[in-house]
Amino acid sequence: MSRKWGFQTDINRAEVLREEAEPREFASGIAAADYDADGDIDLLVVGGDAAPWHLYRNAGDGTYDEVAASVGLNLTAKSSGPAFGDIDGDGDLDLFVGVIEGDFHYLFENQGGTFVDITAGSGIQLDGPVVVSSLFGDYDQDGDLDLILGRWGTPAAGTETLFRNRGDGTFEPVTDEAGLDLLIETASTARRGADGILYDYTFTPTLSDIDSDGDPDLLFAADFQTSQVMRNNGDGTFTRTTDRDVIIDEAGMGAAVGDYDNDGDMDWFVSSIFQQNALRGNRLYRNDGTGAFEDVTSVAGVEDGAWGWGSCFADFDNDGNLDIYHVNGWRGFTGSGSNTSDEGEDDSLFLANPSRFFHAQGDGTFVESADEFGVDHTGQGRGVACFDADRNGTIDIVVASNDEQQLAHYRNDTDNDNHYLTIRLRDATGNRLGIGSWVTVTTEYGTQVRELRGGNNFTSHNPFEVHFGLGAATVADVVVRWPDGSASRRDAVAADQLLTIERDGVSQSLSVVQGSGDGAYQQGDLVPLVAAVPAEGYFFSHWTSTGGGTFADAAASTTTFTMPAGAETVTANYVPGVAAGPGVSVARRWSELLLQSIRNDFARPTVHARNLFHISAAMYDAWSVFDAGNTAPWLLGRTRAGVSCGVEALPMPHTDGQRDAALSHAAYRIIRARFANSPRATAIERDADALMSALGLDPEFEDIDYAAGGDDAGAALGNHIGACYLAFGLQDGSNEANDYTNVAYAPVNPHLAPAEPGNPSIVDLNRWQALALSEFVDQAGNPVTSDPDFLSPEWGQVEPFALSADDRTVYSRDGFDYWVYHDPGAPPLVGGALQAEYQWGFALVSIWSAHLDPADGAMVDISPAALGNIAVDDYPTNFPGYRAFYDALAGGDASTGYATNPATGEAYVPQLVPRGDYSRVLAEFWADGPDSETPPGHWFVILNEVNDHPDLERRFMGQGDVIDRLEWDVKGYFALGGAMHDAAITAWGMKGWYDYIRPISAIRAMADLGQSSDPAGVAYDANGIPLEPGFIEVIADGDPLAGDADEHVGKIKLRAWRGPDFVQDPATDVAGVDWIRAEDWWPYQRPTFVTPPFAGYVSGHSTYSRAAAEVLTAMTGDAFFPGGMSGFEIEANEFLVFEEGPSVSMTLQWATYRDASDQCSLSRIWGGIHPPADDIPGRLAGIEVGVDAFRRAVSYFDGSVDNP
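Here our numbering is used: the first residue of the sequence shown is 8, the next is one more, and so on.
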């Protein structure tokens, strides 16, 4: 084998866009297939136009004859990504070849071993200059092969990715009709070229049935954080289900799909770029069995692949475990198209970096072993094909490089006693090669599964056969699940052979999603089923089937299934939060699902406070229809924001089943609509549908005519209520129709780049400043591709629950009215009368940062014996009074603690822990809730924990009879939801109007100016930061921070947390505390988050928490948690995420709801997010919001809201 790679003409990269120049740097291509049907694998090679294509015909012994000219394939073109496939169902392989730089693409029909160009009449017309990779597969399950293309560098507008086979070997473009226009990120988030045009950056497509539902889904590795998961809907369309919390490869290039962990589903490996502290490298996405992925790269040990391209999953040593091989390399380039800033400071790092061979260890981990296995190719590898070239039972490798000498062939000479089985499939008609079939092999050592597909490794593909390493096994049972669901079975097949299985269709296949029991069975067979272990936070609910068959006990995780006449898929369903039981209300189950949905969405506390209220209010409205008392609904039967929600009498009888259906359908409709565009919308839909199924309800039932009566009246009522809330939500001032975008707000300060020293660009030290981060990940873990805007600065205009016009002050700026409820007045400002309090408050944040060291010897009692018990009258009422309330140097507030627990009469037990552990735990625990359900959702979690406490007596306001769980839950969620919604409107109304600066901006800006304490001292500036010996000082000569040339002498230094640069691995590293230059100060947060994307004044956490505390106090009739104390267990070295820790185990403890709220407020100072000026006004506003919200809720409960 020998072929020259290159181009006949050069291009001047300084004069063209990167989208025009780069494809020749990565375009290449090899396709491995048995084109002549003689039983061995041949190889087509394309790429560059310095030489014609080569077709290497395998002589049967691993040697080849070049025969391109004799079969009509000796063309010269700028080609890439060839793909074989039988497009006309005649049993032989036809061929498509892609293109770059607008050269010719080709479609050839194999006519008796000669390839005839049929491009002109094929229907495949390309609207852009590039096809990098291609594949054939039957996406619509109609029995013929369709064509999917990777189009990197093609303008996105109108890009054709999918061509549907009409059934006669001609094609029609159906990209938009199939929903694949969503492969391209939306214009607001996607990367654009230097010309401002939105481009398609897709590289490597793979069709694979990731959710085991019988139809092939589409996985697309793509550049610039645009890799996508497209779920096949089974009707010829796809839905984008990419989870941006998981699918985080920054430069997805090559791909391999296979069951690396042998758990029966297809996992996804994506090659990318690795550079320490810059780019995270390859990604291995583990399938949970439902088509949802988990990033297990770090655990697997496969991230460092240099600059990865073509990739293969293959069992190279036949031990039963799939290994990973991928090529890499990058030459770098210059000119206006340079992407050096994106992909590393030194492109030469990738000039001669060896390929990677990740050898599977059998436990989900891999060891890089390219040198040991002799496959450390150091050329500019691009494509790769992995197949048994010499039919000796081991997988060989052929690499296509973008080097002068294009090809490298590695023969596998592995010498061990392991056995193998290679399987081909044949069907008499249609999809002759069985593409899309699943092949399962079972030996005495376990079960493995492969998917026979027209996969793509990046510009290249493997042959249409599957290979199994069997280890020591010499016989195996084989089951084939054909694309139509029928099955073929071969028992006791001898190892060490190439086996061809022809479809017989005698049996039917059973696919088990999230469990075990797959196989080929006869009608009437009893199949044992075992559900998979639930994911954290989930509980097994029930089994469902797609059609026929029966379960012995659908509610049991281990049961039997009676096989029906046809192919069947059964699914083990799970629900979040709480298991079903007699003490669990339907409202609780929907509340838990809503909280999980929030965790699966972007971290938007205002939006989710509104969701919590609207869905809780909808459930309350539905419940009120069935209540025998005087309860009044909130929206049902009323007009709000111009939206009328009519009500008619619900025909009798009123049953518990109708009531539960009404609550459920109302909650379901709103959740599905509000979270439709979430990054994990598929998981939310799965959970919501699972809960509806568990409750015996039909999510497809959408009728709203409840007045007609009948068994579905309750469900129809719920649909009606849900529709009312959705209509109301489009008119309530939130701008939901435009994804809650801002209408008028504009920041006055340029962005701050935290990775750079100081704050040189700030204009106004009193106003909010956005951050410019190389990578932003929100508090829910979602990567965001652009710097986030201020979240909800105009939220004061949203329709509230209990806030009134009497509470409101209206301000105007830039022609827009900012509504501020419970206005506390302006915070301390630079240039104002309270400038000293501004400087003191932000300096305190810096000082408290010095407390984040568990090794400093400081110990604190964090039990209720020492913390809590702050009366409202003890809160300072003016900013100068804050100095007495907070302990500026040691940390903490004016807590006095409690002498005894009122529930037990005994003293609270002291709990001494390192202050550095306590402060870090607080900062992370309260940041967004322990599971990112956002602060308002966190208080719903606390309410649910209170409701589960055995000492709680469900007496409303502590009085009267115990009420049932459903009434208690519905009323609690309604009152708390209303308070959280009003807290968001109140806090964000203030944030939007006062637009106050955050600590990272203020501390750096003041320190850039100098110190403000000593007018006669060095670096004095009246607007600088105040000095505090031991915490805030000036760098002097000889100081370790002075610099090699004393360039930093006279600057400010801080004793503080050292920052994320000292945390390379959060699982093992602790940044610690030391003297740092103030220009490099960071809050205690992730470097991909740093600080919330909205102004500081007032603290949302303080407002939410105190409002919630007031509601829980009023509802239970007791200021104390049940039993006199609540807590959260923290395990040593397991809880912290930002860095390792804490060094000791502890329990966060609170005697009262208000104590928990006060602790939450302090956490934001230790976290570097708020100064005291943001805190106390938030607490005070929260008191008013919570008290008013609960009072308003009671007026609905007793019907007095409608009294004149």
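For glycine and all other residues, C-beta sits at the position ideal for the given N, C-alpha and C.
Please report the residue range of the beta strand (DSSP E) in which residue i lies.
i, result
"His333", "Asp330 to Asn335"
"Cys319", "Gly315 to Ala321"
"Glu27", "It is not in any beta strand (DSSP E) - Glu27 instead sits in the alpha helix (DSSP H) that spans Arg25 to Ala28."
"His549", "Tyr545 to Ser552"
"His366", "Arg363 to Ala367"
Along the chain, where does the alpha helix (DSSP H) that runs through residue i open and close?
i, result
"Asp1015", "Pro1006 to Leu1016"
"Ser1112", "Gly1107 to Thr1123"
"Thr993", "Arg972 to Tyr1001"
"Asp1195", "Pro1179 to Phe1204"
If you compare alpha carbons, which of the options is closest to residue i?
i, options, result
"Arg418", "Val837, Leu919 and Thr70", "Thr70"
"Ala986", "Leu959, Pro943, Leu142 and Gln1156", "Pro943"
"Gly832", "Gly721, Asp1002 and Glu707", "Asp1002"
"Phe373", "Ser548, Asp322 and Gln603", "Asp322"
"Phe546", "Ala730, Val585, Thr248 and Arg1186", "Val585"
"Val4", "Ala539, Gly979 and Asp188", "Nothing can be reported for residue 4, as the shown portion of the chain is limited to 8 through 1211."
"Leu810", "Pro212, Gly259 and Thr993", "Thr993"
"Gly288", "Phe231, Gly381 and Ala1115", "Phe231"
"Ala7", "Gly369, Arg363, Gly388 and Gly371", "Beyond the ends of the chain as shown, which are 8 and 1211, falls residue 7; an answer cannot be given."
"Val867", "Leu459, Glu379, Thr182 and Thr1154", "Thr1154"
"Asp45", "Arg398, Gly265 and Gly317", "Arg398"
"Ser785", "Glu1141, Glu940 and Gly135", "The displayed chain sequence assigns Asp, not Ser, to residue 785. Ranking Glu1141, Glu940 and Gly135 by Cα distance to Asp785 puts Glu940 first."
"Gly160", "Glu26, Ala1196 and Ala57", "Glu26"
"Cys731", "Gln776, Arg1011, Ala674 and Glu782", "Ala674"
"Gly271", "Gly243, Ala313 and Ser219", "Ser219"
"Val309", "Gly317, Gly298, Trp316 and Ile331", "Ile331"
Say yes only if the C-beta of residue i is nearer than 7 Å to one or more non-hydrogen atoms of the ligand GTP, and no if none qualify.
i, result
"Ala501", "Absent from the structure shown: the ligand GTP. Ligands present: none."
What are the partner residues of residue i, as DSSP defines its beta bridges?
i, result
"Lys11", "Gln412"
"Val486", "Thr447 and Arg496"
"Ile280", "Trp314"
"Tyr1027", "Gln1018"
"Val456", "Thr447"
"Phe178", "Asn172"
"Lys1060", "Glu1040 and Arg1084"
"Gln2", "It is not possible to answer for residue 2, since the shown part of the chain is limited to 8 through 1211."
"Trp1157", "Ser1133"
"Phe823", "Arg820"
"Ser141", "Leu156"
Would you grab the beta carbon distance between residue i and residue j for me? Rounded to a whole angstrom, and I think it's under 8 Å.
i, j, result
"Trp1088", "Ile1176", "Not quite, the Cβ-Cβ distance comes to about 13 Å (not below 8 Å), so this is no contact."
"Arg666", "Trp630", "7 Å"
"Trp933", "Cys1167", "4 Å"
"Trp1157", "Tyr1091", "Contact doesn't hold; Cβ gap of about 22 Å is too wide."
"Leu896", "Val1080", "Not confirmed; about 14 Å, so no contact."
"Gly336", "Gly386", "6 Å"
"Glu257", "Ile280", "7 Å"
"Gly176", "Pro89", "With a Cβ gap of about 17 Å, Gly176 and Pro89 do not count as contacting."
"Val181", "Thr121", "Wrong, their Cβ atoms sit about 30 Å apart, outside the cutoff."
Buried or exposed: which applies to residue i, given that a residue is buried once 16 or more other Cβ atoms fall within 10 Å of its Cβ?
i, result
"Phe111", "exposed"
"Tyr889", "buried"
"Ile155", "buried"
"Gly522", "buried"
"Tyr146", "buried"
"Gly703", "exposed"
"Leu737", "exposed"
"Pro917", "exposed"
"Gln412", "exposed"
"Tyr452", "exposed"
If you measure from the beta carbon of residue i to each beta carbon in chain C, is any gap under 8 Å?
i, result
"Asn885", "In summary, chain C is missing from the structure at hand, where a single protein chain is found."
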